[in-house]
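This report refers to the structure that appears directly beneath it.
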Amino acid sequence: MKKLPRSFYTRPTLLVAKDLLGKILVRQIGKIVLAGTIVEVEAYLGSKDPASHAYRGKTKRNEVMFHEGGHLYVYFTYGMHFCANVVTGKEGVAEAVLIRAVEPLEGIEAMRKNRRFKANRVDEVTISNGPAKLCQAFRIGREQNGTDLLGAEIFLIAEKPIPKSSIGASPRIGIAKAKEHLWRFFVKGNRWVSR
DNA sequence: CGACCGATTGACT
DNA sequence: GTCAATCGGTCGG
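If you count the first sequence from 1, position 58 lands on 58 in this note's numbering, and the numbers rise without skipping.
Now the structure itself:
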């Protein structure tokens with residue numbers, strides 16, 4: 001049960017993305033603890049990546065992407081959804097990894113309550129098998145943008161690594177540009193992986 | 001300014 | 001499978 005150190009996040013983004021698989025996302029809300037295993041991610045490489053929010057430089061919205069690795073970048077999209085990214089690399093490097101899916105471990109009933117829409121349609125898989133779904137379940141929104149992942153509110157803990165043979169790669173989902181890159185990584189066969 | 005559209009989801013045919 | 005929801009960012013005039 002060890003919190004990942006800053007040095008985990010400041011490494012090259014594609015490396016961090018693959019290593020995030022299998023790590024446990026922990027969210028403390030007062031006395032409530034929510035936790036889940038990360039099973040699907042996508043890397044966004046800032047200035048090198050036309051699909052990244054930071055491709056055209058720093059703005060008010062994407063400024064957290066330029067922070068030192070180990071912060072949380074939360075953005076609002078489609079007029080109703082939030083998505084959470086782990087910022088990677090050194091200060092000034094606008095790279096991040098989108099957390100696309102987690103397998104719930106702890107606080108599952110609280111997560112279910114946090115989800116909007118008809119609760120009877122939220123089963124154990126759909127509770128957190130997508131980037132905006134897990135943000136609802138973990139109560140991550142505007143206020144969590146910029147959160148330091150070395151703090152007490154939101155952090156990651158190490159687990160035994162996923163074997164390389166169990167990690168799949170594919171093009172990223174839902175983007176129009178840079179589809180040639182296989183920058184989506186997921187745990188093969190895991191039920192919470194989206195699609 | 002105005003028009004367009006997005007790192008998505010849930011509802012419905 | 002198709003489509004609306006809903007709003008802030010981005011880009012063109």
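Idealized CB from N, CA, C, for every residue including glycine.
Self-check item: Where residue 165 falls, given that 16 or more other Cβ within 10 Å makes a residue buried
Solution: The residue in question, residue 165, is exposed, as its Cβ has fewer than 16 Cβ neighbours within 10 Å.
Self-check item: Proximity to residue 191 [Cα-Cα], best of 101, 88 and 149
Solution: When each option's Cα is compared against that of residue 191, the closest is 101.
Quiz item: Is DSSP giving residue 47 helix, strand or coil here?
Solution: Helix at residue 47.
Practice problem: Determine the burial state of residue 45: buried for a count of at least 16 other Cβ atoms within 10 Å of its Cβ, exposed for fewer. | Solution: By the 10 Å Cβ count, residue 45 comes out buried.
Exercise. Kindly indicate which residue of 33, 126 and 65 has the alpha-carbon position closest to the one of residue 47.
Key: Nearest to residue 47 by C-alpha distance, out of 33, 126 and 65, is 65.
Self-check item: Residue environment, residue 19, which counts as buried when at least 16 other CB atoms sit within 10 Å
Solution: When all chains shown are included, residue 19 counts as buried.
Quiz item: To the nearest angstrom, how far is it from the Cα of residue 137 to the Cα of residue 56?
Solution: Going by the C-alpha atoms only, they are around 31 Å apart.
Quiz item: Can you tell me whether DSSP reads residue 148 as helix, strand or coil?
Solution: Looking at residue 148 - three-state DSSP - the assignment turns out to be strand.
Quiz item: Is the Cβ-Cβ distance between residue 84 and residue 32 less than 7 Å?
Solution: Result no, Cβ atoms of residue 84 and residue 32 do not sit closer than 7 Å.
Self-check item: Chain-order list of residues whose beta-carbon lies under 8 Å from that of residue 135 (same chain, five-residue window excluded)
Solution: Excluding residues within five positions, the ones whose Cβ falls inside 8 Å are 74, 81, 82, 83, 84 and 141.
Self-check item: Residue interval of the alpha helix (DSSP H) (run including residue 131)
Solution: Segment 131 to 137, the alpha helix (DSSP H) holding residue 131.
Quiz item: Leaving out the 5 sequence neighbours to the left and right, which residues in its chain are closer than 6 Å to residue 54 when beta-carbon positions are compared?
Solution: Closer than 6 Å at the Cβ level, and outside the excluded window around residue 54, lie 46, 62, 65 and 94.
Quiz item: So, are the CB atoms of residue 156 and residue 21 less than 7 Å apart?
Solution: No.
Practice problem: Provide the residue(s) that pair with residue 72 in DSSP beta bridges, ordered along the chain. | Solution: Partner residues in the beta bridge of residue 72, as assigned by DSSP, are 86.
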